[in-house]
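Asker:
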Amino acid sequence: MNDLMTSMQARVEAYLASRDWSEVPMMTHGPFTVTPLARGEYNLNYCVTAGEQHMVFRVNMGTQIDRDDQIQYEFATLKLLENSGVTPVPYFVDDTRTFFERGIGIMAYLPGRALDYTTDLDAAAALLAKIHQVPVPSDDHHLIREEAPLDLIYRECAQLLQTYFHSELADPTIRMFLGEVLAWAAEARATEQFYQQDPWPCIVNTEVNSGNFIVNPSRKTMHLVDWEMPRWGDPSQDLSHFCSPLTTLWKTAYRMTPGDKARFLATYARHIDDAHLRDTLPERVRLRDPFVYLRGISWSAMGWVAYQTEFAGMKNADTWATLQRYMDIDFVRSLFEPFMRQGSS
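Okay, structure coming up:
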């Protein structure tokens, strides 16, 4: 990993030195200093300093949404969100691939820490409300549209769970219960007609994990910084994902109580101007929740098997410990039994 970050850093430095930046206002204060910032599965990120300016130089390495124009997709979304005040400002994008094999982008650097669920819930609710209310021309944008959101999740999970169902490592009790969950979801996905008959489309991030928020207490700011997989969909996508135990417990020991969740959603609603969305929000989230949980546990089940068999990437001890906690029958039951008892109506 470090070899790739180091070798790419030299190319980033050469790229910055080779271009005329006179038409990019934030890039006219060279020379540039480049330092490694973070590596994700699909991006390499560097901090670029020019005078008093600090920027993020992002080298795209792949895509989770099957888009050859991944970096363009991200930056077009950031342009839509530019005036929100809660997302990174995009400065420059180059997808010509004349210097790098894939696209690159440069955006504002935002110092701070990750979101803390015990102190930052109100601010996160206000931030999501602001993003979801960014005006977008509904018929003229690049965003992938969620036309059949619950059916899409069901079909994705039915495929993902095959890895666990057919593994000799699988716990028979968990295998049987997840089969029951999948059968329940096959029926419950019909409730997506609620979203189709009463649409409230907006920009949704889809990856509202605590690590994708940057909180700066001294500036009293919060930003949502990772925009690899945005969609044009229902606000419940982000709200259910944010509140999901599979999200909060991934990097922390925090699990929302029903009271925590109610307060979070009430705070979100207070920042929503549209009365109809406020009134329908509980039902939108209620219908979405089990499918968001199903996606999370399906990925976890597949990962649990992969970590013990063919996984070729770098194994992380914390990730493995979390996967083991998730693949516990009591935990899995706690996610789905409340919904299965209610039925799909």
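Each residue of the sequence shown is one higher than the last, beginning at -1 in the working numbering.
Quick reminder that beta carbons are idealized off the backbone N, C-alpha and C, glycines included.
All of these numbers come straight from a predicted model, not from anything done at the bench.
1) Would you check if the distance between the CB atom of D120 and the CB atom of T265 is smaller than 7 Å?
2) Could you tell me which residues DSSP pairs with D232 in its beta bridges?
3) Given a cut-off of 7 Å, decide if V202 and S238 are closer than it, judged by their beta-carbon atoms.
4) Assess, as a yes-or-no matter, whether the region 128 to 136 is touched by the region 73 to 83 under the definition of 3 or more beta carbon pairs within less than 8 Å.
5) Would you list, in sequence order, the uninterrupted alpha helix (DSSP H) runs of no fewer than 4 residues that lie entirely inside the region 181 to 247?
6) I believe M3 touches P23 by the beta-carbon criterion, under 8 Å. Please report the beta-carbon distance rounded to the nearest angstrom.
7) Classify P233 as buried or exposed, calling it buried when 16 or more other Cβ atoms lie within 10 Å of its own Cβ.
8) Among H139, D18 and V283, which residue has its Cα nearest to the Cα of E190?
9) Taking the beta strand (DSSP E) that R37 belongs to, which residues open and close that run?
10) As an exercise, report each continuous beta strand (DSSP E) stretch of at least 3 residues that is fully enclosed by the region 85 to 142, in chain order.
11) So within the region 268 to 318, which uninterrupted alpha helix (DSSP H) runs reach at least 4 residues, ignoring any that extend past its ends?
12) Grouping DSSP H, G and I as helix and E and B as strand, with all else coil, what is T47?
13) Determine which residues share a DSSP beta bridge with N41 and list them.
14) So, does the region 287 to 307 touch the region 244 to 257, judging by three or more C-beta pairs under 8 Å?
15) Between the region 260 to 276 and the region 210 to 222, do at least 3 Cβ pairs fall closer than 8 Å?
16) Name the residue from I104, L159, N314 and Q322 whose alpha carbon lies nearest to the alpha carbon of W19.
17) Does M53 come out as helix, strand or coil in the three-state DSSP assignment?
18) Where does S342 fall in DSSP's three states?
19) Is the number of C-beta pairs between the region 133 to 151 and the region 269 to 280 that are closer than 8 Å three or more?
20) Could you tell me if H164 is buried or exposed, where buried requires 16 or more neighbouring beta carbons within 10 angstroms of its beta carbon?
21) Are the Cβ atoms of A112 and S16 separated by less than 7 Å?
22) Could you spell out where the alpha helix (DSSP H) holding A74 opens and where it closes?
23) Across the region 86 to 95 and the region 172 to 187, are there enough close Cβ pairs to call them in contact, namely three or more that are closer than 8 Å?
24) Give the straight-line distance between the Cα atoms of P170 and L150, rounded to the nearest whole angstrom.
25) Buried or exposed: which applies to P29, given that a residue is buried once 16 or more other Cβ atoms fall within 10 Å of its Cβ?
26) Report the option in L180, A168, M174 and D137 whose CA atom is closest to the CA atom of R153.
27) May I ask you to report which of helix, strand or coil DSSP gives L167?
28) Quick one: what's got a C-beta closer than 6 Å to P61's C-beta in the same chain, skipping five residues either side?
29) If we ignore side chains and look at the alpha-carbon of each, how far apart do L125 and D114 end up?
30) Under a Cβ-count criterion, where at least 16 other Cβ atoms within 10 Å of its own Cβ denotes burial, should Q50 be classed as buried or exposed?
31) Secondary structure at R261, three-state DSSP: helix, strand or coil?
32) Assign M325 to one of two classes, buried (16 or more other C-beta atoms within 10 Å of its C-beta) or exposed (fewer than that).
33) What is the DSSP secondary structure of D64, counted as helix, strand or coil?
34) Please classify S20: does DSSP put it in a helix, a strand, or coil?
Answerer: In this structure, then:
1) yes
2) For D232, which the question treats as bridged, DSSP gives no partner whatsoever.
3) no
4) yes
5) 191 to 195 and 234 to 241
6) Not quite, the Cβ-Cβ distance comes to about 28 Å (not below 8 Å), so this is no contact.
7) buried
8) V283
9) T31 to R37
10) 88 to 92 and 102 to 106
11) 273 to 306
12) strand
13) N58
14) yes
15) no
16) I104
17) strand
18) Bear in mind that a pLDDT of 44 at S342, under 50, signals an unreliable position, so the number given afterwards is only what the model happens to contain. Coil, per DSSP.
19) no
20) exposed
21) no
22) Q68 to L78
23) no
24) 27 Å
25) exposed
26) L180
27) coil
28) First, the residue type needs correcting, since residue 61 is Thr and not Pro in the sequence shown. Answer for T61: Q68, listed in chain order.
29) 14 Å
30) Correcting the residue type first, residue 50 is Glu in the shown sequence and not Gln. Classification for E50: exposed.
31) helix
32) buried
33) coil
34) coil
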